[in-house]
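Quick mapping for you: the protein sequence lines, in order, are chains X, H and P. Read in order, the letters of the first sequence correspond to residues 1 to 295 in the numbering used here. Read in order, the letters of the second sequence correspond to residues 296 to 627 in the numbering used here. Read in order, the letters of the third sequence correspond to residues 628 to 932 in the numbering used here. Ideal placement from N, C-alpha and C gives every residue a C-beta, glycine not left out. If you're wondering where the values come from, they're calculated on a predicted model, not measured in any experiment. One structure is given here, and the rest of the page talks about it.
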Amino acid sequence: MSDITAPTGPKLRKKRGRILGNSGLIVAATVLGLITLMAIFAPFIAPHDPYAQTLDDRLIPPAFIDAEMADPRYLLGTDNLGRDYLSRLIYGARISLLIGLLTMLVSGVIGTVLGVAAGYFGGRVDTVVSFLITTRLSLPVVMVALAVVAVAGGSLQVVVLVLGLLLWDRFAVVMRSATMQLRNLEYVAAAQSVGCSTPRILVGEILPNLIPALVVVASYEMAQAILLEAALSFLGLGVQPPLPSWGLMVAEAKEVMLFDPWVILLPGLAICVLVLAINMLGDGIRDVTAPEGRS
Amino acid sequence: MTTPVLDVKQLAVQIPVADGILHAVRDVTLTVARGETLCVVGESGCGKSLTSLAVMGLLPSSARRTAAHMRFAGEDLLDMTPRRLRELRGNRMAMIFQEPMTSLNPAWTIGDQLTEPFLRHGKGNRREATDRAVFLLERVGIAAAGRRLVQYPHELSGGLRQRVMIAMALMCGPDLILADEPTTALDVTIQAEILHLLAELQQEFGMGLLLVTHDLGIVARVAHRVAVMYAGEVVESGPTVTVFDEPRHPYTRGLIDCIPIPARSRPGVPLGTIPGLVPSLVGGIEGCAFRERCAFATEPCARPVPVVTGAEDHAWRCILPAAVPSLLENPA
Amino acid sequence: MLRFTLRRLLLALVVGIAVSAIAFMLLRVSGDLAIALAGEDASPAEVERIREQYGLNRPIIVQYAEWLWRAVQGDLGRSLFYPESVANLIMSRLPVTLTLAGLGLVIALLISLPLGIIAALRRNTWVDRGALGIAVVGQAMPNFWFGLLMIFFFGLSLGWLPISGSDTWMHFVMPAITLGWFSAPVLMRLTRGGMVEVMTSDYIRTARAKGLPGRVVVLKHALRNAIIPVVALCSVQFGNMLSGSVIIETVFALQGIGYLAWEAISRRDFPVVQGILLLVALFYVILTLLADILNAWLDPRIRRG
Chain X
1 MSDITAPTGP
11 KLRKKRGRIL
21 GNSGLIVAAT
31 VLGLITLMAI
41 FAPFIAPHDP
51 YAQTLDDRLI
61 PPAFIDAEMA
71 DPRYLLGTDN
81 LGRDYLSRLI
91 YGARISLLIG
101 LLTMLVSGVI
111 GTVLGVAAGY
121 FGGRVDTVVS
131 FLITTRLSLP
141 VVMVALAVVA
151 VAGGSLQVVV
161 LVLGLLLWDR
171 FAVVMRSATM
181 QLRNLEYVAA
191 AQSVGCSTPR
201 ILVGEILPNL
211 IPALVVVASY
221 EMAQAILLEA
231 ALSFLGLGVQ
241 PPLPSWGLMV
251 AEAKEVMLFD
261 PWVILLPGLA
271 ICVLVLAINM
281 LGDGIRDVTA
291 PEGRS
Chain H
296 MTTPVLDVKQ
306 LAVQIPVADG
316 ILHAVRDVTL
326 TVARGETLCV
336 VGESGCGKSL
346 TSLAVMGLLP
356 SSARRTAAHM
366 RFAGEDLLDM
376 TPRRLRELRG
386 NRMAMIFQEP
396 MTSLNPAWTI
406 GDQLTEPFLR
416 HGKGNRREAT
426 DRAVFLLERV
436 GIAAAGRRLV
446 QYPHELSGGL
456 RQRVMIAMAL
466 MCGPDLILAD
476 EPTTALDVTI
486 QAEILHLLAE
496 LQQEFGMGLL
506 LVTHDLGIVA
516 RVAHRVAVMY
526 AGEVVESGPT
536 VTVFDEPRHP
546 YTRGLIDCIP
556 IPARSRPGVP
566 LGTIPGLVPS
576 LVGGIEGCAF
586 RERCAFATEP
596 CARPVPVVTG
606 AEDHAWRCIL
616 PAAVPSLLEN
626 PA
Chain P
628 MLRFTLRRLL
638 LALVVGIAVS
648 AIAFMLLRVS
658 GDLAIALAGE
668 DASPAEVERI
678 REQYGLNRPI
688 IVQYAEWLWR
698 AVQGDLGRSL
708 FYPESVANLI
718 MSRLPVTLTL
728 AGLGLVIALL
738 ISLPLGIIAA
748 LRRNTWVDRG
758 ALGIAVVGQA
768 MPNFWFGLLM
778 IFFFGLSLGW
788 LPISGSDTWM
798 HFVMPAITLG
808 WFSAPVLMRL
818 TRGGMVEVMT
828 SDYIRTARAK
838 GLPGRVVVLK
848 HALRNAIIPV
858 VALCSVQFGN
868 MLSGSVIIET
878 VFALQGIGYL
888 AWEAISRRDF
898 PVVQGILLLV
908 ALFYVILTLL
918 ADILNAWLDP
928 RIRRG
C-alpha cells in the first residue's frame, strides 16, 4: 500500500529540482543552519563571557556605528552593564531556539492529537475539539501568558509550558481538515476494509501523509513562539535577567535608546533574521511539497 | 453589396503551453452578414470557442491573436483603442456564454446586471433601463419579469439564467451576437426552446448571429451559413443547404453521417463514427490536419492544402475533386 | 439565515461561559495567589491572613460562581491598587484601546486592500513579489521592536510625533501604524487570493463582454465577491488587536486597557486582570460571531438561501 504514496524515480528527481530551484528555501535553510550551529557551539564561538560585566567598558559602540569610539575587543560593542554584545547575541540564539523548539513540540503534540482525532472520528469528538479550538482562539494570548508568568514565575520552563498550551490551535485546525481529506481517500478505506486497527491506520496511513502540512505549521508556530517569548521578556514577564534573551536585550536597550540607538537595533535584527529564516523555510517546504501545478 | 457586420480574415490564436506553442486557431476566415446566422461547428478543442472570444477580445491574457483583418461593421477590431472596443462590447456586439450557472455575478441582482450595459453605454436613464429589462425578460419568456429584477442569480434555474444572459446581450440592441455553445449546459428540453428563441430574436431584431456549437442538428435547424472547423482551421464553409447536400470535405461528411435522422437511422444500424484522434496542435501542422483519420487520404495530402472556392460562397480545404459520398452502409 | 444565527449564538454563549471560567481560574491554577499577593518572603501567617481576606480559602467553584454572578450584573470587584471598581477602571480606559484598534484596522486596510488587489491583478510580476516580500519581512519583525524604531525615528530623531501618552490624536499615530502594519499581511494575502480566484471566473468575463471599463470590472464585479471573507477577517483582526494592545500600549505608554492589563499583572492586581481577560475574550467571541453573521449576510447565496 505504501507504494501508492512513495515517489517514483523521475518524481523524486523532479522534487529535488524543485528544492534546488527554490532559492528562498536554500537561503533560509543555510541561515537557520548557521544560527543553530552558533547556538550549539556558543561557548566556543563567543569571544567573551556573556554575563561578565566590565563597568569601565559600558556602551562601547561597534566599529560600523562609531569607528573612533569602537574597541577592537568588542566587535559589536557592549551594553549598559559593559557586557560584550556579540557574546550575548550568540547566547541569546540558544534561548530563542530552545523556546521555539520546545514550545513547538508541546503545542504540536497537543494540536496534532486533537486535530487528528477530530478529523478521523468526526461526530462528537469533532464537536468537542472544535469547541476547544474556538475557546482557545477567544483567549488573548499575550495577556494570558503574561498573567500566568506573573503568578507562576518567569522561567524558561514556565514560558515554554504557557506558550505550548496556547499555540496549539493552528496545528489542530490544519490537522483536522487534512485528516478529514485523507480519511475519505481510497487507501484509508482499503486499510479499513482489510481490518487494520484504528491506531495502525492512524500511525501507518494517516500520520505519514500529514507530515508535509505538519512541518509547515510547525515552522510557523516556532516563529510565533520565538516572537512571543521576545515580547514577554521585553515586557519583563518572560525569561528573567541576566539571561541574554533577545527580547530582554531590547528592553534593556530601551533605557538608553536616546543616546545609543544601535543597542536596540542588533537584538531586534537578530529576532527578525531568525524568524524570517524559519518562516521562509516553512513557505519553501510548502511550495516544494504542494501538489503539482499549485503554487 | 453591404458591409458584413463581421469580417474576419486569417485569424490565428496562439497559446504558450508547457511544451511549446499551441496553435489553437489557424488561418480562420469568416463573415457574418446582417440578419444572418452563421454556425461555427466542430468538436471540442477545434478552436471554435476561441474564435468567438478572439472577436470579442476576451482571450486569456497569455494568448496571442493575429489576423489580416477583423472588421466589425467595417471597423478593424485589431488596431482599435481599448476605449473604442469597450464602446462596442455589450453595446453593438454582445456575447452569450456557455455556462449560465457561473456567468452571472452572484453578488448583484438580475436587475442590476441587466441594466448595467444599457446605463454604461448611455442608452437612457435608470427608468428606461428598467423598462427595457422588463420588456426583454418578458420577450425571452420569463414570467413575472418585474419580480425577477430584484432576485439574485442563485435563485434562478440554469435555463432561466441563460434567458437572462440572452436578454442582457439584447439590452443595447446589438448588430451582432456571438453565442458560444449557449445550450450545452442545459437540459435537452430547454436547449430546443433557447435555440428557437435565439433564431426568432435574430430574425426579429435583424442581427447577425454567430453561433458556436458542436451539434450539427442545431446547425441544420437554425443556420443560414455554416463554417466547419477542425484542428483550428475552417475546413469547409458555405450555405447550410449546400454544405449538407454536397459536402466537399471528408470531415464534414463524417459529421453529417453522425447525425441521427429519424427516417434513416434504424435500430441496430450504427451511426457513423470518425475513427482516430485529433492531432496535437502544439508546434505546427504541415498539410491536411485530417489526413490521419481520412478514408480518402493520399500522398499529396501531406503538402499544404489550398482553399478551393465553389458556387455561392461554398469553400473547402480538400483536394478531392467531387462531393464526398456518405460512408454509411445503408443510406436511405 | 435565522436558524444559522441562532445556532451560532448558542455556540457563542457556551464559549463565552468557558472563557469566563478560564479567565477566572487561570490565575488560581498558575500558582498560589495568596503567596503572589503577599510576596515571596511573607510569613505563613501573613499569607493565611491574605487568603482569608480575599476569600481564597473557599472552594474555587464557589468563588467562581460568586464572581460570575456579580460579573453578569456588571460588578467585577474592586482594584487592589486603584481606589476604584474594576468596571469603572476598565470603562475609563476602554475608549483609548477601541480608538487604537479602530485606527489600526483602518491603517491595515489602507495597506492591504490596494496591495492585495494590485498583486492579484499583476500576478507573478515584481509588484506581486514585492508585496509578498513586504508581508513576509513585516511579519518577521517583533512588533514592540517596530514600535521602538518608530519612536526613535519619528519621535526622538525627527521630533514629529509624541512618544508616549494618549492625550491628543498625535499620540495615536505611531501605535496605530504599528498595530495596522502587523495585521496588514494576513488581510493582504486573503485579498490577493480572493481576487486571483474571482478574476478568472466566468462572471468577470461577462462583465468585460459588457464593455465595462477595467476599474468597474475590478471594483464592482470582482472586489464585491473577493471582499466577503476579508470583511469577516477584519472583525477577527479587530479582536486580535484588542489583545495585541497590551504590547503596543506598553511600548507607547498609551493609557488603554492593554497598558492597564500590564500594570495590573505587574502589580498582582488580580481582580483587574480577571476583568480585562474576561472583557477581551468576550469581545473576541462577539466579534467572531459578528464575522460569521456578516459573512453570511454579505453573500446573497447564504442570506437568501
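Using three-state DSSP, classify residue i as helix, strand or coil.
i	result
M388(H)	strand
Y91(X)	helix
G871(P)	helix
I405(H)	helix
E450(H)	helix
F131(X)	helix
I4(X)	Here the model assigns I4(X) a pLDDT of 39, short of 50, so the residue's position is not dependable and the matter cannot be decided.
T36(X)	helix
Y51(X)	coil
Y525(H)	strand
W611(H)	strand
P304(H)	Looking at the sequence shown, residue 304(H) is not Pro but Lys. K304(H) falls in the strand class under three-state DSSP.
A277(X)	helix
M69(X)	coil
T346(H)	helix
I60(X)	coil
T397(H)	coil
S621(H)	coil
Q882(P)	coil
Leaving aside the five residues before and after residue i along the sequence, list all residues of the same chain whose C-beta is less than 8 Å from its C-beta, in chain order.
i	result
G760(P)	none
R548(H)	P542, V619, P620, S621, L622
V754(P)	I745, A746
G9(X)	Residue placement at G9(X) is poorly supported in this model, since its pLDDT is 46, which falls under 50; the coordinates still yield a value, given next. Excluding residues within five positions, none has a Cβ falling inside 8 Å.
Could you name the residues of the same chain whose beta carbon sits closer than 7 Å to that of residue i, not counting the 5 residues immediately before and after it, in chain order?
i	result
Y830(P)	H848
V823(P)	A747, R750
A650(P)	Q901, L904, L905, A908
Got a sec: is the Cβ-Cβ distance from residue i to anything in chain A below 9 Å?
i	result
F392(H)	Structure shown: chain A not included; protein chains present are X, H and P.
For residue i, collect the residues of the same chain with a Cβ closer than 6 Å to its Cβ; drop the 5 residues on either side in sequence, then sort them by chain order.
i	result
V674(P)	A661, I662, A665
V900(P)	A891, I892
I110(X)	W168
D919(P)	R635
First and last residue of the beta strand (DSSP E) that includes residue i?
i	result
C334(H)	332-336
M365(H)	364-367
H798(P)	Unbroken run through H798(P) is the alpha helix (DSSP H), 797-826; no beta strand (DSSP E).
A251(X)	Run containing A251(X): none in the beta strand (DSSP E); it sits in the alpha helix (DSSP H), 246-254.
T324(H)	315-327
P471(H)	In the sequence as displayed, the identity of residue 471(H) is Leu instead of Pro. L471(H) -> beta strand (DSSP E) spans 471-475.
G503(H)	503-508
R360(H)	359-361
Could you spell out the range, first to last residue, of the alpha helix (DSSP H) harbouring residue i?
i	result
G436(H)	No alpha helix (DSSP H) contains G436(H), which DSSP labels as neither H nor E.
S219(X)	207-234
Pick out whichever of the options has its Cα sitting closest to the Cα of residue i.
i	options	result
L654(P)	W924(P), V907(P), R895(P)	R895(P)
G337(H)	L492(H), R366(H), T376(H), H509(H)	H509(H)
S793(P)	V646(P), Y691(P), R720(P), I687(P)	R720(P)
A698(P)	V713(P), N684(P), P686(P), R685(P)	V713(P)
For this session: Residues of the segment 829-840 of chain P with a CB closer than 9 Å to any CB of chain H: list them in chain order, please.
Result: D829, Y830, I831, R832, T833, A834, R835, A836, K837, G838, L839, P840
Exercise. Listed from N- to C-terminal order along the chain, which residues in the segment 340-359 of chain H have their beta-carbon within a distance smaller than 7 Å of any beta-carbon of chain P?
Worked result: Within the segment 340-359 of chain H, the residues whose Cβ lies closer than 7 Å to some Cβ of chain P are M351, L353, listed in chain order.
Exercise. Closer than 9 Å, Cβ to any Cβ of chain P: which residues of the segment 396-409 of chain H, in chain order?
Worked result: M396, T397, S398, L399, N400, P401, A402, W403, T404, Q408
Problem set entry | Members of the segment 842-863 of chain P near chain H, C-beta cut-off 7 Å | H848, R851, N852
Problem set entry | Positions along the segment 741-770 of chain P whose CB lies within less than 8 Å of some CB in chain X | V763, V764, Q766, A767, M768, P769, N770
Problem set entry | Members of the segment 431-451 of chain H that neighbour chain P once the beta carbon cut-off is set at 8 Å | Those residues of the segment 431-451 of chain H that come within reach of chain P (Cβ to Cβ, closer than 8 Å) are Y447, H449, E450.
For this session: Check distances from the C-beta atoms of the segment 689-701 of chain P to those of chain X and list, in chain order, the residues that come in under 9 Å.
Result: none
Problem set entry | chain H contacts from the segment 896-928 of chain P (Cβ-Cβ distance under 7 Å) | For the segment 896-928 of chain P, which is checked against every Cβ of chain H, the residues closer than 7 Å are P927, R928.
Exercise. Which residues, in order along the segment 417-429 of chain H, keep a beta-carbon less than 8 Å from a beta-carbon of chain P?
Worked result: Closer than 8 Å at the C-beta level to chain P, one finds no residue of the segment 417-429 of chain H.
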